[in-house]
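> Dropping a structure here in structure tokens format, bear with me for questions.
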Amino acid sequence: MSQYPETADIETSSEDYASRFSGAAGKWMLSVQERIVLDLLKGHAGGTVLDVGGGHGQLARPLADKGYGVTVIGSSDDCVHRIKDYVDAGKIEFKVGNLIELPFEDNSFGSVVCIRLLPHCERWPELVREMCRVAKNVVVVDYPTGQSLNCLSGALFGAKKKIEGNTRTYRLFAHNEVKAEFSGSGWKRAALKKEFFVPMVVHRMLGCPVISKILEGVSTALGLRYLFGSPVVGKYEPLMDANKRE
73 MSQYPETADI ETSSEDYASR FSGAAGKWML SVQERIVLDL LKGHAGGTVL DVGGGHGQLA
133 RPLADKGYGV TVIGSSDDCV HRIKDYVDAG KIEFKVGNLI ELPFEDNSFG SVVCIRLLPH
193 CERWPELVRE MCRVAKNVVV VDYPTGQSLN CLSGALFGAK KKIEGNTRTY RLFAHNEVKA
253 EFSGSGWKRA ALKKEFFVPM VVHRMLGCPV ISKILEGVST ALGLRYLFGS PVVGKYEPLM
313 DANKRE
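The letter at position 149 of the sequence shown is residue 221 when you use the numbering used here, and the numbering goes up by one with no holes.
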């Protein structure tokens with residue numbers, strides 16, 4: 073249980089949720105996500121990173137392994153289980169707090185990342201504003217977009233539920249609404265990376281990274297992933313440097 077208003081990370085930090093990424097296909101999908109995020113943070117290697125709702129460990133672990141100073145904030149003590157070994161070893165710092173009222177000073181972290189949370193956060197504009205407040209240089213978030221084959225999510229939900237068993241409904245975003253929310257905090261979009269053209273549920277159904285790579289390779293060559301890919305990983309930077317924002 074949690075005393076805070078936004079607690080979607082309790083689910084995404086669970087073993088049940090992690091089971092969606094078990095097997096070869098799941099590991100491959102996570103590797104795509106990891107590669108994109110690490111590339112977007114490349115200019116800030118070794119800096120401090122706040123991973124908001126990152127108890128799932130999908131980014132906290134690889135970031136710590138790359139030498140970043142990683143802090144994960146979760147809405148409950150329950151969110152620490154999948155990263156507890158790294159926390160106990162001093163590789164990751166874990167804090168419990170309000171995800172839409174972050175318990176940190178302005179510009180506390182060089183970078184902020186937030187993966188697997190935005191589409192399940194009802195008060196997501198507040199989350200965006202808080203991430204911009206505590207970040208000095210970069211905010212990286214992911215979100216599913218309706219400007220993709222996710223527009224068929226209603227039709228695919230039954231199949232998704234059957235395969236994953238524990239899937240939840242989620243919000244689809246338009247690119248411009250996310251961009252506008254960051255703009256309202258004085259931040260600009262610096263990069264936008266699309267993960268997959270083929271819906272993730274289809275990759276899970278296939279269960280074969282070789283076939284998935286071929287499908288994504290063809291869609292990339294045809295420009296389909298660039299136009300209609302999802303989830304989207306966005307990199308945002310401040311319009312002015314941190315010293316002027318203080």
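Beta carbons: idealized from backbone N, C-alpha and C, even for Gly.
Among Cys204, Ile172, Ala132, whose alpha-carbon lies nearest the alpha-carbon of Asp157?
Among Cys204, Ile172, Ala132, the Cα nearest to that of Asp157 is on Ala132.
> By the DSSP assignment, the beta strand (DSSP E) with Asn209 in it spans what residues?
Here the beta strand (DSSP E) through Asn209 covers 207–215.
> Could you give the residue range of the alpha helix (DSSP H) that holds Pro134?
It spans 132–137 - the alpha helix (DSSP H) in which Pro134 sits, taken as one unbroken run.
> For Gly169, which of Val211, Gly162, Ser86, Asp150 has the nearest alpha-carbon?
Among Val211, Gly162, Ser86, Asp150, the Cα nearest to that of Gly169 belongs to Asp150.
> Among Ala262, Lys114, Asp137, Ser180, which one has its Cα closest to the Cα of Val159?
Val159 has its Cα closest to that of Asp137, out of Ala262, Lys114, Asp137, Ser180.
> Does Ala97 pass the burial test, meaning 16 or more other C-beta atoms within 10 Å, or should it be called exposed?
Under this definition Ala97 is a buried residue.
> Do you know whose CA, among Leu311, Tyr308, Pro303, lies nearest Leu189's CA?
It is Pro303.
> Given a cut-off of 9 angstroms, decide if Val109 and Val206 are closer than it, judged by their beta-carbon atoms.
Against a cut-off of 9 angstroms, the Cβ pair of Val109 and Val206 comes out as no contact.
> Give a yes or no on whether the minimum CB-CB distance between Pro191 and chain C is below 9 angstroms.
Here there is only one protein chain, and chain C is not present.
> Locate the beta strand (DSSP E) running through Phe181, then write down its first and last residues.
Per DSSP, Phe181 belongs to the beta strand (DSSP E) from 181–186.
> Is Glu256 helix, strand or coil by DSSP?
Note that residue 256 corresponds to Gly in the displayed sequence, not to Glu. Correct three-state label for Gly256: helix.
> Could you name the residues of the same chain whose beta carbon sits closer than 6 angstroms to that of Leu122, not counting the 5 residues immediately before and after it, in chain order?
Hits under 6 angstroms: Thr143, Phe181, Val184.
> State yes or no: is the C-beta of Gly129 within less than 9 angstroms of the C-beta of Asp81?
Going by C-beta atoms, Gly129 is not nearer than 9 angstroms to Asp81.
> Quick one: what's got a C-beta closer than 7 angstroms to Glu202's C-beta in the same chain, skipping five residues either side?
Same-chain partners within the cutoff: Ile172, Glu173, Leu174.
> For Ala80, name the three-state secondary structure that DSSP assigns.
Helix, per DSSP.
> Please return the same chain residues whose Cβ sits closer than 6 angstroms to the Cβ of Arg297, not counting the five positions on each side in sequence.
Taken in chain order, the residues that qualify are Lys266, Phe269, Ser291.
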